[in-house]
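> If you scroll down you'll find the structure; I have some questions about it.
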Amino acid sequence: MDHFKQISTFVDVAAKGSLSAAARAEGIAPAMIGRRLDALEERLGVKLLQRTTRKVALTTEGVAFLEDCQRILTDLENAEAAVSERSAKASGHLLISAPAGFGRQHVAPLLPSFLAEHRDVTVTLNLNDRVVDLIGEGIDVAIRIAALSDSNLIGVKLADNKRVVVASPAYIKRYGAPVSLDELAKHNCLAISSEGSQRGWTFRQSGRNVTLKVTGNMVCNDGAVLHDWSLAGKGLAWRSMWEVGNAIESGALVTVLDEFAAPGNDVYAVFAQRRHLPLRIRAFVDFLRHAYAQPEYWRRT
1 MDHFKQISTF
11 VDVAAKGSLS
21 AAARAEGIAP
31 AMIGRRLDAL
41 EERLGVKLLQ
51 RTTRKVALTT
61 EGVAFLEDCQ
71 RILTDLENAE
81 AAVSERSAKA
91 SGHLLISAPA
101 GFGRQHVAPL
111 LPSFLAEHRD
121 VTVTLNLNDR
131 VVDLIGEGID
141 VAIRIAALSD
151 SNLIGVKLAD
161 NKRVVVASPA
171 YIKRYGAPVS
181 LDELAKHNCL
191 AISSEGSQRG
201 WTFRQSGRNV
211 TLKVTGNMVC
221 NDGAVLHDWS
231 LAGKGLAWRS
241 MWEVGNAIES
251 GALVTVLDEF
261 AAPGNDVYAV
271 FAQRRHLPLR
281 IRAFVDFLRH
291 AYAQPEYWRR
301 T
């Protein structure tokens, strides 16, 4: 029990930004919060927080530990809620946000099946490629293809994902395949733009991530268009496996520079921290996680 209390206190302090704020929420003295953190750090043998009288800052070890702690606490709350609400039905309105391309292919088609299982739930699905403010915009669940960085949010991993450089066999036959990152400069690279600015391509080289600005004669803010251009042999494209996996399997696209692939940007369901997560949110996240865990799902889609 002491270990659990130390962990929950650590998460509360990280979320609220100070010992005093966490103490006020619990109705105890800040010194008690401090003693719990001291005991946790001593037990683990690492410094988790840099503390002052006014605020706290997570150490590198603290950032990594926080993500695990949030997941553990969320799983525990969900387990308790599942037991106490087993006879209850998910109900109410669910506001979902997802990236346009992924949402169109891998969220929207699943919603009818989800609603067939949960007939008292209604949904609104917003598709856009900006990072939404969940709390400010009242979003219940956001699908994100990136690691979680906001400690005020909970992230549940839904699926693995990585990005690869692809081209059509016709393009490779005509122009050859790049074998080094420097050779990208010799190729027509189909880049994606966001709010008027071109996004770089990220690779792993010499043990570190490097982001390169590529050049080409066509840029678009819609990933589906880049996918079509690459299928048509117009150039190289840096795309997610959820989008191009089937084309690679069928031979319509081939990958290049695989040895330089950066760590994947996995798919997460993200929602605001809540003491009691509504059943409709938990049911939807579990539904997606189960669907994406089936190997045949990705082959079918």
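Under UniProt numbering, the first residue of the sequence shown is numbered 1, with each subsequent residue one higher.
Just so it is clear, CB atoms sit at the ideal spot from N, CA and C, and this is done for glycine as well.
Source: prediction; values computed, not measured.
Inspect the beta-carbon positions of residue 233 and residue 171 and report whether they are closer than 7 Å.
The residue given as residue 233 occupies position 233 in the sequence shown. The residue given as residue 171 occupies position 171 in the sequence shown. Yes, Cβ-Cβ distance for residue 233 and residue 171 is below 7 Å.
> Residue 273 by DSSP, collapsed to three states: which one?
Looking up residue 273 in the sequence shown gives position 273. Three-state result, residue 273: coil.
> In the DSSP assignment, find the unbroken alpha helix (DSSP H) run with residue 173 in it and report its ends.
Counted from its first residue, the sequence shown places residue 173 at position 173. Run containing residue 173: 169-175, per the alpha helix (DSSP H) assignment.
> Can you tell me where the alpha helix (DSSP H) with residue 95 in it begins and where it stops?
Mapped onto the sequence shown, residue 95 falls at position 95. Segment 92-98 is the beta strand (DSSP E) holding residue 95; no alpha helix (DSSP H) there.
> Whole angstroms are fine: how far does the CA of residue 213 sit from the CA of residue 198?
For the purposes of this step, residue 198 is taken as residue 198 along the sequence shown, with counting starting at 1. For the purposes of this step, residue 213 is taken as residue 213 along the sequence shown, with counting starting at 1. Answer to the nearest angstrom: the Cα atoms are 8 Å apart.
> Quick one: which unbroken beta strand (DSSP E) runs of 3-plus residues sit fully inside the segment 199-223? Chain order, please.
Taking only runs of at least 3 residues, the beta strand (DSSP E) segments lying wholly in the segment 199-223 are 201-205 and 208-212.
> Starting from residue 234, follow the beta strand (DSSP E) in both directions and report where the run begins and ends.
What you label residue 234 is simply residue 234 of the sequence shown in a count that begins at 1. Residue 234 -> no beta strand (DSSP E), and no H or E assigned at all.
> Skipping 5 residues on each side, what residues in its chain have a beta carbon closer than 8 Å to that of residue 161?
The sequence position of residue 161 within the sequence shown is 161, counting from 1. Excluding positions up to five away in sequence, the list reads 145, 240, 241, 242, 264, 265, 266 and 267.
> Let me know if residue 294 comes out buried or exposed under the rule of 16 or more other beta-carbons within 10 Å of its beta-carbon.
By one-based count along the sequence shown, residue 294 stands at place 294. When all chains shown are included, residue 294 counts as exposed.
> Could you give the C-beta distance for residue 226 and residue 190, rounded to a whole number, given that I count them as a contact under 8 Å?
Here residue 226 is taken as the residue at index 226 of the sequence shown, counted from 1. Here residue 190 is taken as the residue at index 190 of the sequence shown, counted from 1. Right, their Cβ atoms sit about 5 Å apart.
> Use the C-beta contact count for residue 276: other C-beta atoms within 10 angstroms, 16 or more gives buried, fewer gives exposed.
In the sequence shown, counting from the first residue as 1, residue 276 sits at position 276. Result: exposed.
> With 7 Å as the threshold, decide whether the Cβ of residue 215 is near any Cβ in chain B.
The question asks about chain B, but that chain is absent: this structure has only one protein chain.
> Alpha carbons only, please: which of 158, 270, 50 and 176 is nearest the one belonging to residue 186?
As a working note, residue 186 is residue 186 in the sequence shown. Looking at the Cα atoms, 176 is the closest of the given residues.
> Check residue 36 in the structure and name its three-state DSSP category.
The residue given as residue 36 occupies position 36 in the sequence shown. In this structure, residue 36 counts as helix in the three-state DSSP scheme.
> Flag this pair as touching only if the segment 59-73 and the segment 24-38 have three or more C-beta atom pairs under 8 Å; answer yes or no.
No: the two stretches stay apart, fewer than three of their Cβ pairs being nearer than 8 Å.
> For the alpha helix (DSSP H) that residue 51 lies in, which residues bound it at each end?
In the sequence shown, counting from the first residue as 1, residue 51 sits at position 51. Segment 49-51 is the beta strand (DSSP E) holding residue 51; no alpha helix (DSSP H) there.
> I need the straight-line Cα distance from residue 87 to residue 117, nearest angstrom please.
Position 87 of the sequence shown, counted from the first residue, corresponds to residue 87. Position 117 of the sequence shown, counted from the first residue, corresponds to residue 117. With a pLDDT of 49 at residue 87, under the threshold of 50, the modelled position of this residue cannot be trusted, and the question is left open.
> Starting from the C-beta of residue 122, find all residues in its chain whose C-beta is less than 6 Å away, skip the five residues before and the five after it, and write them out in chain order.
Indexing the sequence shown from 1 puts residue 122 at position 122. If we look at residue 122 and ignore the five residues flanking it on each side, its Cβ neighbours are 93.
> Using the rule of at least 16 other Cβ atoms within 10 Å of the residue's Cβ for burial, across every protein chain shown, is residue 10 buried or exposed?
Here residue 10 refers to the residue found at position 10 of the sequence shown. Burial call: buried.
> Residues in its own chain within less than 6 Å of residue 299 by CB, not counting five upstream and five downstream?
As a first step, residue 299 is located in the sequence shown; it is residue number 299 there, counting from the start. If we look at residue 299 and ignore the five residues flanking it on each side, it has no Cβ neighbours.
> Per DSSP, what kind of secondary structure is residue 55 in: helix, strand or coil?
Numbered from its first residue, the sequence shown carries residue 55 at position 55. Here residue 55 sits in coil by DSSP.
> Going by Cα to Cα distance, which pick from 115, 291 and 262 is closest to residue 238?
Residue 238 sits at position 238 when you count from the first residue of the sequence shown. Nearest of 115, 291 and 262 to residue 238, Cα basis: 262.
> Give me the Cβ distance between residue 132 and residue 139, rounded to the nearest whole Å; I'm assuming they're in contact under 8 Å.
Here residue 132 is taken as the residue at index 132 of the sequence shown, counted from 1. Here residue 139 is taken as the residue at index 139 of the sequence shown, counted from 1. Yes, residue 132 and residue 139 are in contact; Cβ-Cβ is about 6 Å, under 8 Å.
> Quick one: grab the DSSP three-state call for residue 78.
Reading the sequence shown from its first residue, position 78 is the one you call residue 78. In this structure, residue 78 counts as helix in the three-state DSSP scheme.
> Since residue 125 sits in a beta bridge, which residues does DSSP pair it with?
In the sequence shown, counting from the first residue as 1, residue 125 sits at position 125. Its beta-bridge partners are 96.
> How about residue 13 and residue 25: are their beta carbons less than 7 Å apart?
Position 13 of the sequence shown holds residue 13. Position 25 of the sequence shown holds residue 25. No, Cβ-Cβ distance for residue 13 and residue 25 is not below 7 Å.
> Could you please give the first and the last residue of the uninterrupted alpha helix (DSSP H) stretch that includes residue 143?
Indexing the sequence shown from 1 puts residue 143 at position 143. From DSSP, residue 143 is part of no alpha helix (DSSP H) but of the beta strand (DSSP E) over 141-145.
> Determine the closest residue to residue 202 out of 163, 297 and 90, with distance taken between C-alpha atoms.
Here residue 202 is taken as the residue at index 202 of the sequence shown, counted from 1. Among 163, 297 and 90, the Cα nearest to that of residue 202 is on 163.
> Check whether the Cβ atoms of residue 285 and residue 166 sit closer than 7 Å, and answer yes or no.
Counting from 1 along the sequence shown, the entry for residue 285 is found at position 285. Counting from 1 along the sequence shown, the entry for residue 166 is found at position 166. Contact: no.
> Specify the secondary structure class of residue 73 as computed by DSSP and reduced to three states.
In the sequence shown, residue 73 corresponds to position 73, counting from 1. It is helical.
> Using the C-alpha atoms, what's the distance from residue 48 back to residue 18?
Numbered from 1 along the sequence shown, position 18 holds the residue referred to as residue 18. Numbered from 1 along the sequence shown, position 48 holds the residue referred to as residue 48. Cα-Cα distance, rounded: 13 Å.
> Provide the residue(s) that pair with residue 268 in DSSP beta bridges, ordered along the chain.
To locate residue 268, count along the sequence shown from 1; it is residue 268. DSSP lists 144 and 157 as partners of residue 268.
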